[in-house]
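These protein sequence lines map, in sequence, to chains V and C. The opening residue of the first sequence carries number 0 in numbering that gives the first Met the number 0; numbering runs sequentially from there. The opening residue of the second sequence carries number 0 in numbering that gives the first Met the number 0; numbering runs sequentially from there. For every residue, glycine included, the Cβ atom is placed at its ideal position computed from N, Cα and C. Please read these numbers as outputs of a predicted model, since none were measured by experiment. This report refers to the structure that appears directly beneath it.
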Amino acid sequence: MMISNATRIVRLALSTMFCSLLLACGGPTEADQAAQDGILLVGNGSEPKGLDPHLVTGVPESSLLRALMEGLVAPDADDDLAPAPGVAESWESNDDFTVWTFNLRDTQWTNGDPVLASDFVYSWQRILSPALGAEYAEMLYVIRNADDFHQGRTENFSQVGVRAIDDRTLEVTLEGPTPHFLGMLMHTSFLPVNPRAVEEHGGMTDRQSGWSTRENYVGNGPFQLKEWVTNQVIEVERNPAYWDAATVQLNGIRFYPIDNVGTEEAMFRDGRLHLTNTVSPDKIPSFQSEMPDRLRIEPYLGSYFYRINTTRPPFDDVRVRRALALAIDKQLLVDRVTQGGQTPATGFTPSGIDGYPASDAVQFDVAEAQRLLAEAGYPGGQGFPNAEILINTNEGHRKIAQALQAMWQSTLGINVGIYNQEWKVYLDSQSNLDYDISRAGWIGDYVHPTSFLDIFTSGNGNNDTGWANPQYDALIGRARVAQSEDERMDLLQQAEAILLEEMPIVPIYWYTRVYLKDPRVQGWEPKLLDNHPYKHVSLRVD
Amino acid sequence: MVKFIGLRLLQGAIVLLAIYAVTFFLVAMTPGSPFSSERAIRPEILAQIEAFYGYDKPALERFWLSLVNMLQGEFGPSAVYANRSVTDIIGEAFPVSLQLGGMALVIALLLGIPAGIIAAVKRNTWLDYLPMSLAMAGICLPSFVMGPMLALLFGIILRLLPVAGWFGPEYWILPAGTLGLVYAAYFARLTRGGMLEMLNQDWVRTARAKGVPERQIIFKHCLKGGLIPAITFLGPALAGIISGSFVVETIFQVPGLGQWFVRGALNRDDFLILGLTLLFAALIVVMNLLVDIAQVALNPRLKHG
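Laid out in structure tokens, this is it:
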């Protein structure tokens, strides 16, 4: 009885297996077929935590939002520094860049509503509402009185510097002169939401509002949400109502949330992806020899550095901090350890920002490092107390920490340990100053040095080093209201010079984005913030 | 039997309550919060968010509230994934895990039990050595090695099967196979052991002496007892297959529960951790109960009250 049943099941299983094998065999790969159909297949990191532009903070989410939503201005196809028109077809500012007027085009949401100037007022009120608890609301502090509203000092939003003059004219008044305001506008926190949809599904300040689910989503971008299968795929299709639909060349995009870098690589090799999100650092050399036409290494506006807890001895001594920074052979580190074409960081703000040459203050200088350490009372590392490097759990961070550990041991004669904490614990330790030296990274929110230098002002929530310098704060404050961009950049450079002299951080390298790209993908140019506008992307058919 | 089952169900409920309480307070004591973020949040804004999810209340009160909600079948919202309740997440992912686990279990049983029987019957021949060496390799080879190897072979070299995703039957084969092979190895060894014990019994010798055909000895007299170790293992195995498939789910991008479990823990997504822990605990309790019932049915020596 049992045997005959088992035999039947085996037969059934084998025949099912055989049939599906036949189905899967041969023919063009999924990527070939998708290229024919004009569908881009993208590895997108992890499952998005949501698609509400005011609540999300991650890279996978902002990548999706670039397809689904459009702000006043949009990223240009190839120029990082010149924003392209979005919902605004034109704009002007007064002479000192404090008042900006945007003329909106005639365009609509996917639910048929027109996109109005008042929608932006509603949206910015929403993200600034304290009750919503939006993590990125501080991006909007550039707008006059936005901080007062967000921190509850006023409940009257009309005091905040944004108003709709009429349906198609939006006027924004800023706290100070901000020529780079257009660049900031490309950040997801400035994106509009559809007021009717938000009100229908829970209201302005409901964090669990249902407007951004697959069924209810309302966007205004070049693509619209078609399908969202958790942990599998998010598919968007061309939005026929988009004002520039004629420019959009892709028929759709499938975003695959793939956490595992090995799985992503296998899918690319198996012809199931046109673009990967990343590449395992260990594999870079083999990709370089095996598929150099597919491996892409591009500059990315981010800084990898170590924070030093300046409230703990011996790190309260600037000479010790400088010694640690100068003793690192960063060229060796990027050539041998990280291997992703990174640039050794000689300053904090990465290179590539127009009008702001990167600092070269931090060089590899063993003699000076040894001299400083001796001067601080630890000649040859003698008597140097036990110290430890905190990293969040990750093999890549561990390798870098081990390399630095070895360099400090051999050049300065000091022993530091390494310990890892899981991400959330690490974040808490760092913000509670419960560490000696801590691994860190910072990616620019917009292409301007203030996006980097602001965080080390006294009391900034992201400072996390205990370092405070009134002179630094004053320079950053003056830069905020500087009358010309040249003067502003000059003040910021002076501020960064102080930061690099005082060294509450050890700059290590400036990021690159490393990924695999199918040669058929066109219109995908290197972008400092990795914000590729999908409407200009196309797939070549061979 | 009814009394036995009732008693076990009551025990199970107490176990679940204890697990829920322990998990709740462990999670509450763990450093890090679902709202710790790389970008600092202003304290007054953080307070708003915490109030929204009820984190502003003392732990004991939160425990009571969550227990009451849970008894009404409401696990609460995910603190990290917008617009998703824990019930939604389980509702979406559990069927996938169940399907993957079910197929893996079928593969494990179909390969493991016959291999174990053959190895026991043909003891000390190549029919014993070969499957048992393979089984030992299967036990030793972790799924994070087996998975990519199978993906490399069948996906990238032979181009027969998709390497990741969960879109149709051809996508099920590699993950179910990877997961199934490991457990097949266990079942093979357990069945072999159980069968050998039976075949060495005195009454088997008597039966052979009396001329009972070998086939009848194996299938009629020994199989039932020989399968007891494998069946004892079935309960934990099924729970393990369904809950422990995280590695396989990650390698093959399967949208099951395992990925959520790990993500919930990493994100400190308290309600999600609690909901999933309770689900797995309930699964193990039920499976063990079923196994106990099956054992009593198979083994007369265990028949009690």
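Item checked: Top-ranked residue by Cα proximity to glutamine 231 of chain V, from V:Arg253, V:Asp334, V:Pro280 -> V:Arg253
Check: Would you say lysine 225 of chain V and glutamate 234 of chain V are within 7 Å of each other, going by their C-beta atoms?
Finding: yes
Note to self: Check whether chain C comes within 7 Å of leucine 272 of chain V, counting only Cβ atoms and requiring the distance to be less than that.
What the structure shows: no
Next item on the list: Determine the closest residue to histidine 186 of chain V out of V:His531, V:Gly476, V:Glu500, with distance taken between C-alpha atoms.
Entry: V:His531
Next item on the list: Measure the C-alpha to C-alpha separation of leucine 265 of chain C and leucine 54 of chain V and round it to an integer number of angstroms.
Entry: 19 Å
Next item on the list: With a cut-off of 8 Å on the beta carbons, I'd call alanine 322 of chain V and alanine 368 of chain V a contact; round off their distance for me.
Entry: 4 Å
Checklist line | Contacting residues, own chain, Cβ-Cβ under 7 Å from arginine 61 of chain C (five flanking each side not counted) | finding: Gly53
Next item on the list: Measuring only between beta-carbons, confirm whether glutamate 234 of chain V sits less than 7 Å from chain C.
Entry: no
Next item on the list: Confirm, please, whether the CB-CB distance from arginine 293 of chain V to leucine 115 of chain V is below 7 Å.
Entry: no
Item checked: Which listed residue (C:Leu8, C:Gly179, C:Lys2) has its alpha carbon closest to that of leucine 110 of chain C -> C:Gly179
Notebook entry, point to check: Taking buried to mean at least 16 other C-beta atoms within 10 Å of its own C-beta, is valine 144 of chain C buried or exposed?
Noted result: exposed
Next item on the list: Compare the C-beta of glycine 31 of chain C with all C-beta atoms of chain V and state if any pair is closer than 7 Å.
Entry: yes
Check: Can isoleucine 172 of chain C and leucine 160 of chain C be called in contact, C-beta distance under 7 Å?
Finding: yes
Margin query: So with CB distances below 8 Å, who are the chain C contacts of glutamate 387 of chain V?
Written below: In chain order: nothing, as chain C lies at least about 17 Å away.
Next item on the list: Starting from glutamine 150 of chain V, find everything on chain C with Cβ-Cβ shorter than 9 Å and list it in chain order.
Entry: Arg41, Glu43, Ile44
Check: Taking Cβ positions only, does proline 254 of chain C come closer than 7 Å to chain V?
Finding: yes
Item checked: Buried or exposed (CB count within 10 angstroms, at least 16 for buried), glycine 301 of chain V -> buried
Checklist line | Inside the region 381–465 of chain V only - beta strand (DSSP E) runs reaching at least 3 residues | finding: 386–391, 415–420, 436–442
Next item on the list: Following the continuous alpha helix (DSSP H) through aspartate 36 of chain V, name the residue where it begins and the one where it ends.
Entry: 29–36
Note to self: So if I threshold CB-CB distances at 7 Å, which residues from the region 249–260 of chain V count as touching chain C?
What the structure shows: Ile257, Asp258, Asn259
Margin query: Taking the beta strand (DSSP E) that tryptophan 242 of chain V belongs to, which residues open and close that run?
Written below: From DSSP, tryptophan 242 of chain V is part of no beta strand (DSSP E); its letter is neither H nor E.
Next item on the list: Give a yes or no on whether the minimum CB-CB distance between threonine 97 of chain V and chain C is below 7 Å.
Entry: no
Item checked: For lysine 56 of chain C, the first and last residue of its enclosing alpha helix (DSSP H) -> No alpha helix (DSSP H) holds lysine 56 of chain C; DSSP gives it neither H nor E.
Note to self: Counting only beta-carbon separations shorter than 7 Å, does valine 424 of chain V have a partner in chain C?
What the structure shows: yes
Checklist line | At least 3 beta-carbon pairs within less than 8 Å: the region 237–246 of chain V vs the region 104–121 of chain C | finding: no
Notebook entry, point to check: Taking C-alpha atoms, which residue in V:Pro194, V:Gln124, V:Pro284, V:Arg320 lies nearest to aspartate 435 of chain V?
Noted result: V:Arg320
Next item on the list: Kindly indicate if chain V contains any beta-carbon less than 7 Å away from that of valine 79 of chain C.
Entry: yes
Notebook entry, point to check: Are the beta-carbon atoms of threonine 544 of chain V and alanine 326 of chain V separated by less than 7 Å?
Noted result: Not covered by the structure: residue 544 of chain V. The range shown for chain V is 0 to 541.
Margin query: Within a Cβ cutoff of 8 Å, which residues of the same chain sit near alanine 496 of chain V, ignoring the five residues on either side of it in sequence?
Written below: Ser358, Ala360
Note to self: Could you give the first and the last residue of the continuous alpha helix (DSSP H) run that contains aspartate 165 of chain V?
What the structure shows: Not the alpha helix (DSSP H): aspartate 165 of chain V falls in the beta strand (DSSP E), residues 161–165.
Notebook entry, point to check: In chain order, what residues of the same chain have a beta carbon less than 6 Å from the beta carbon of proline 76 of chain C, not counting five sequence neighbours either side?
Noted result: Ser84
Check: Apart from the five residues on each side of it in sequence, which residues of its chain come closer than 8 Å, Cβ to Cβ, to lysine 209 of chain C?
Finding: none
Note to self: What does the alpha-carbon distance come out to for the pair arginine 237 of chain V and alanine 66 of chain V?
What the structure shows: 9 Å
Note to self: I'd like to know whether the C-beta of arginine 438 of chain V is nearer than 7 Å to at least one C-beta of chain C.
What the structure shows: no
Checklist line | C-alpha gap between valine 203 of chain C and valine 211 of chain C, whole angstroms | finding: 9 Å
Notebook entry, point to check: How is proline 343 of chain V classed by DSSP in three states: helix, strand or coil?
Noted result: strand
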